[in-house]
Amino acid sequence: MRNHKYYDTPIEYLKGVGPQRAEILRSELNIFSFGDLLVHYPFRYLDRSQFFTINELSEELPYIQIRGKIIRITPHGGKRTTRLSAILSDNTGTLELVWFQGVKWMKDSLRLGGEYIVFGKPTSFNGKYNIVHPEIEEIGNAETQKEGSLVGVYASTEKCRARSLDSKGILKLQRTLLAGLPSQIPETLPPYLLSKHNLMPLREALLSIHLPANEKQLAAAQYRLKFEELFYVQLKLLRSKTLRLEQYRGKMIDKVGTTFHEFYNNHLPFELTNAQKRVLKEIRQDMGTGKQMNRLLQGDVGSGKTMVALLSMLMVLDAGYQACLMAPTEILANQHFVSIGEQLQKMNIKVGILTGSSKSAARRTLLEELQSGEMKILIGTHALIEDRVQFQNRGLVVIDEQHRFGVQQRAKLWMKDEEVPHVLVMTATPIPRTLAMTLYGDLDTSVIDELPPGRKQIITTHRHESARLAVYGFMKSEIAKGRQIYVVYPLIEESEKLDYNNLMQGYEAICNDFPLPEYKVSVVHGKLKPAAKEFEMQRFIKGETQIMVATTVIEVGVNVPNASIMIIESAERFGLSQLHQLRGRVGRGADQSYCILMSGDKLGYDARLRMKTMCDTNNGFEIAEIDLKLRGPGDLAGTQQSGIMNLHIADLTKDVAILEITRQEATMILLEDPHLQKAENTFLIDQLDVFEKQHQNFARVS
Ligand code: ADP
Ligand code: MG
Numbered sequence: 051m052r053n054h055k056y057y058d059t060p061i062e063y064l065k066g067v068g069p070q071r072a073e074i075l076r077s078e079l080n081i082f083s084f085g086d087l088l089v090h091y092p093f094r095y096l097d098r099s100q101f102f103t104i105n106e107l108s109e110e111l112p113y114i115q116i117r118g119k120i121i122r123i124t125p126h127g128g129k130r131t132t133r134l135s136a137i138l139s140d141n142t143g144t145l146e147l148v149w150f151q152g153v154k155w156m157k158d159s160l161r162l163g164g165e166y167i168v169f170g171k172p173t174s175f176n177g178k179y180n181i182v183h184p185e186i187e188e189i190g191n192a193e194t195q196k197e198g199s200l201v202g203v204y205a206s207t208e209k210c211r212a213r214s215l216d217s218k219g220i221l222k223l224q225r226t227l228l229a230g231l232p233s234q235i236p237e238t239l240p241p242y243l244l245s246k247h248n249l250m251p252l253r254e255a256l257l258s259i260h261l262p263a264n265e266k267q268l269a270a271a272q273y274r275l276k277f278e279e280l281f282y283v284q285l286k287l288l289r290s291k292t293l294r295l296e297q298y299r300g301k302m303i304d305k306v307g308t309t310f311h312e313f314y315n316n317h318l319p320f321e322l323t324n325a326q327k328r329v330l331k332e333i334r335q336d337m338g339t340g341k342q343m344n345r346l347l348q349g350d351v352g353s354g355k356t357m358v359a360l361l362s363m364l365m366v367l368d369a370g371y372q373a374c375l376m377a378p379t380e381i382l383a384n385q386h387f388v389s390i391g392e393q394l395q396k397m398n399i400k401v402g403i404l405t406g407s408s409k410s411a412a413r414r415t416l417l418e419e420l421q422s423g424e425m426k427i428l429i430g431t432h433a434l435i436e437d438r439v440q441f442q443n444r445g446l447v448v449i450d451e452q453h454r455f456g457v458q459q460r461a462k463l464w465m466k467d468e469e470v471p472h473v474l475v476m477t478a479t480p481i482p483r484t485l486a487m488t489l490y491g492d493l494d495t496s497v498i499d500e501l502p503p504g505r506k507q508i509i510t511t512h513r514h515e516s517a518r519l520a521v522y523g524f525m526k527s528e529i530a531k532g533r534q535i536y537v538v539y540p541l542i543e544e545s546e547k548l549d550y551n552n553l554m555q556g557y558e559a560i561c562n563d564f565p566l567p568e569y570k571v572s573v574v575h576g577k578l579k580p581a582a583k584e585f586e587m588q589r590f591i592k593g594e595t596q597i598m599v600a601t602t603v604i605e606v607g608v609n610v611p612n613a614s615i616m617i618i619e620s621a622e623r624f625g626l627s628q629l630h631q632l633r634g635r636v637g638r639g640a641d642q643s644y645c646i647l648m649s650g651d652k653l654g655y656d657a658r659l660r661m662k663t664m665c666d667t668n669n670g671f672e673i674a675e676i677d678l679k680l681r682g683p684g685d686l687a688g689t690q691q692s693g694i695m696n697l698h699i700a701d702l703t704k705d706v707a708i709l710e711i712t713r714q715e716a717t718m719i720l721l722e723d724p725h726l727q728k729a730e731n732t733f734l735i736d737q738l739d740v741f742e743k744q745h746q747n748f749a750r751v752s
């Protein structure tokens with residue numbers, strides 16, 4: 051957000067950089083200009099005053115700092131050293147340091163007998179502690195000593211280090227850069243925000259974030275920079291919402307008509323929950339205002355989002371419009387098509403389906419019926435986005451999504467209509483509030499926070515491989531009661547082949563242990579043709595098979611109420627939200643349901659916490675929060691592509707409070723001055739432009 055020619059200066063003009071290092075900085079760290087280097091903030095700070103001694107080490111320790119003398123250096127692997135180890139000794143013991151990379155450089159620079167400060171995470175091996183690839187720095191290096199006690203640690207890469215652009219090298223560049231920082235750099239936040247929230251001025255914040263004098267100053271600098279970042283994220287999202295509402299008139303759906311009433315009174319298979327009713331009211335209100343609805347519907351797995359979607363579509367039909375529903379997979383689109391078709395059977399409403407495997411003749415007819423307006427509801431996959439899919443008059447788009455689309459991709463689905471339809475986005479699982487406020491910050495939100503009545507809590511247990519026979523025994527007794535069972539294997543792209551082998555081995559083992567004719571087993575995986583997949587699914591849905599062995603293709607949305615047991619193999623390899631999604635496949639009927647997480651015997655800390663969380667709670671909102679904390683926002687499915695996580699300093703797992711405050715401020719500013727025309731606000735528009743340049747991926751199509 052920084053608008054000053056100093057920031058735009060190409061990085062090679064910085065003293066100490068030059069063409070070669072500039073090239074490395076550009077290609078490795080995306081640093082093209084002074085401004086880019088300035089926002090290459092430390093990701094951690096070392097407290098130079100805090101040291102551990104070797105006899106205090108334990109595996110539980112995070113990254114720590116130790117002072118000692120190198121008493122031995124041993125190259126391994128013959129002439130071409132492939133591994134280097136060194137022994138560090140302090141008064142209390144010895145510690146091994148190990149390098150597998152950059153070995154030659156390390157060998158040349160390490161000095162036997164030298165005193166060093168070592169930083170890294172200790173692990174123990176055969177009762178001895180070691181640190182692999184420690185950060186290491188010789189004591190007596192004059193530069194170290196004049197530093198404050200907090201020293202920034204910068205992200206770097208192997209290639210950077212080869213040009214001495216390790217963390218220390220980058221810090222040196224930052225120093226040069228900051229020394230030349232103009233004394234008058236334009237402030238990027240309006241003065242009223244600075245004083246209201248007691249924020250550190252920009253110049254001081256930039257200096258302090260790189261070269262903090264103490265904890266307090268660092269905290270103030272971080273707060274200010276995070277505030278700035280999140281404020282502009284929110285201002286941008288909310289402003290685009292304001293502009294959208296002005297730019298597009300929504301279709302007026304102002305009264306509930308006969309189709310809706312007939313369905314509601316005569317064909318609704320159950321009483322709606324209060325939450326479903328409330329959400330429908332919100333949707334109806336939105337669509338009846340003349341504004342374009344853009345609403346996010348959040349609800350836990352099984353909370354009944356589909357019925358809300360269907361009823362909303364009927365409202366739109368009553369006003370003379372068409373509607374469409376987009377699902378993330380073909381299986382799910384089919385399932386929606388079948389179940390919605392069944393529900394509407396007695397009502398004369400034409401429902402169609404369009405997926406990648408629709409035959410071309412059928413497709414042609416369908417597209418014609420769509421244009422003539424005969425086809426009222428179209429269900430499908432991504433195929434719906436294609437240009438040739440043209441509606442006569444579409445009133446509502448429902449996106450039942452698993453992948454989180456970027457702002458622009460969502461727009462692509464509805465922008466093609468001359469007159470824009472209303473949009474309802476349904477998340478497959480709850481997402482944490484901070485993510486909802488950023489990923490979907492331009493949308494209004496509805497929440498279904500209640501499950502349909504009579505659902506029994508799913509009982510979740512965690513079992514190790516050694517308990518497999520007992521698990522099989524349990525499966526048999528449930529099958530004897532007439533239940534059906536899913537057995538799910540992970541599918542991770544990098545090891546697709548391995549996963550496939552695991553799945554097929556598991557399938558064979560189950561076929562051996564559950565022999566015909568008593569037991570019948572379906573198998574579904576990514577290598578099957580869609581028709582074969584569908585055939586296997588149908589056998590299971592119809593109850594012709596009792597066990598469904600599958601990869602995560604069944605993850606999203608399939609509905610088989612009689613299936614009451616979910617066995618997740620290698621559960622430690624799944625993320626929390628995925629586990630929760632999978633578990634949501636059961637517990638849909640009246641029977642007590644179970645979820646069994648199978649895992650290897652030895653699990654790391656995070657994996658144990660995931661298993662425990664699953665056993666402890668069935669609440670998707672709680673699980674989403676824990677997931678975000680465990681994985682960080684960058685790893686959550688789909689968020690990376692959405693580009694929104696391109697934040698330089700704010701951390702969506704921790705900065706909830708700042709996010710709330712900045713959203714509030716942005717809301718208030720736009721409320722009073724929607725076009726940012728007031729004198730004190732015009733500069734916000736310039737800031738937003740710069741912000742967009744600096745966060746180019748912000749709303750990139752994923
Ligand atoms: P999700 O929100 O995960 O998409 P679904 O819409 O698939 O959930 O609903 C899950 C199951 O609950 C379906 O079988 C659906 O028919 C049923 N259901 C939805 N709403 C109700 C309700 N109000 N009462 C009883 N069952 C309901
Ligand atoms: Mg669903």
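Start counting the sequence shown at 51; every next residue gets the next number (my numbering). The beta-carbon is built from N, C-alpha and C at its ideal position, and this holds for glycine as well. Computed from a predicted structure; not experimentally measured.
Tell me, to the nearest whole angstrom, how far the beta carbon of residue i is from that of residue j; I am working on the premise that it is less than 8 angstroms.
| i | j | result |
| --- | --- | --- |
| LEU446 | VAL358 | That belief does not hold up - the Cβ atoms of LEU446 and VAL358 are roughly 12 angstroms apart, past 8 angstroms. |
| GLY338 | ASP304 | 4 angstroms |
| LEU249 | PHE277 | 6 angstroms |
| LEU721 | ILE735 | 17 angstroms between Cβ atoms; not a contact. |
| ILE779 | GLY637 | Residue coverage of the chain in this structure runs from 51 to 752, which leaves residue 779 outside it and unanswerable. |
| ASP450 | LEU375 | 6 angstroms |
| LEU147 | SER135 | 7 angstroms |
| ILE646 | ILE597 | That belief does not hold up - the Cβ atoms of ILE646 and ILE597 are roughly 13 angstroms apart, past 8 angstroms. |
| HIS472 | MET302 | With 8 angstroms as the limit, HIS472 and MET302 do not qualify as a contact, their Cβ atoms being about 10 angstroms apart. |
| TYR361 | PHE310 | Strictly speaking, residue 361 in this sequence is Leu, with Tyr absent from that position. Right, the Cβ-Cβ distance comes to about 7 angstroms (below 8 angstroms), so this counts as a contact. |
| GLN335 | ILE498 | Incorrect: roughly 16 angstroms between the Cβ atoms, too far for contact. |
| THR103 | ASP158 | The Cβ separation is near 29 angstroms, so there is no contact. |
Thinking C-beta only, is residue j closer than 8 angstroms to residue i?
| i | j | result |
| --- | --- | --- |
| THR479 | LEU702 | no |
| ASP368 | GLY307 | yes |
| PRO232 | TYR56 | yes |
| THR477 | LEU346 | yes |
| ILE435 | VAL401 | no |
| VAL439 | LEU404 | yes |
| ASP651 | GLU515 | yes |
| ILE120 | LEU160 | yes |
| ARG76 | ARG213 | no |
| LEU553 | VAL599 | yes |
| ASP677 | GLY625 | yes |
| LEU280 | THR602 | no |
| THR142 | ASN180 | no |
| PRO482 | ALA271 | no |
| ASP739 | ASN731 | no |
| LYS583 | VAL574 | yes |
| ARG623 | PRO540 | yes |
| PRO611 | GLY639 | yes |
Under 7 angstroms from any heavy atom of ligand 4, does the C-beta of residue i make it?
| i | result |
| --- | --- |
| THR356 | Among the ligands modelled here, namely ligand 1 and ligand 2, ligand 4 does not occur. |
For the segment 382–395 and the segment 529–542, state whether three or more C-beta atom pairs, one from each stretch, are separated by less than 8 angstroms.
-> The answer is no - the segment 529–542 does not touch the segment 382–395, with fewer than three Cβ pairs under 8 angstroms.
Alpha helix (DSSP H) segments (min. 4 residues) lying fully within the segment 624–671 | 626–633, 655–666
Indicate whether the contact test is met: 3 or more Cβ pairs, each with one atom in the segment 128–135 and one in the segment 296–305, closer than 8 angstroms.
-> no
Is there contact here, the segment 233–248 with the segment 202–213, by at least three beta-carbon pairs under 8 angstroms?
-> no
State whether the segment 205–212 contacts the segment 60–70, with contact taken as three or more CB pairs (one from each stretch) at a distance under 8 angstroms.
-> no
Do the segment 436–450 and the segment 622–642 make contact, defined as three or more Cβ pairs closer than 8 angstroms?
-> no
Pair every Cβ in the segment 166–180 with every Cβ in the segment 105–116, then say whether three or more of these pairs are closer than 8 angstroms.
-> Segments in contact, yes.
Which residue spans inside the segment 132–190 form an unbroken beta strand (DSSP E) run of at least 3?
-> Every unbroken stretch of the beta strand (DSSP E) spanning 3 or more residues and falling wholly within the segment 132–190 is given here in chain order: 133–140, 143–149, 165–170, 173–175, 178–182, 185–188.
Inter-stretch contact at 8 angstroms, needing at least 3 Cβ pairs: the segment 707–721 / the segment 284–293 = yes
Validate contact between the segment 607–619 and the segment 666–674 using beta carbons, cut 8 angstroms, 3 pairs | no
Secondary structure, alpha helix (DSSP H): runs of 4+ residues fully inside the segment 246–272 | 252–260
Complete runs of the beta strand (DSSP E) confined to the segment 402–487 [at least 3 residues] = Counting whole runs of 3 or more residues, the segment 402–487 contains the beta strand (DSSP E) stretches 427–430, 444–451, 472–477.
Residue ranges of each beta strand (DSSP E) within the segment 323–400, 3 or longer = 344–349, 372–376
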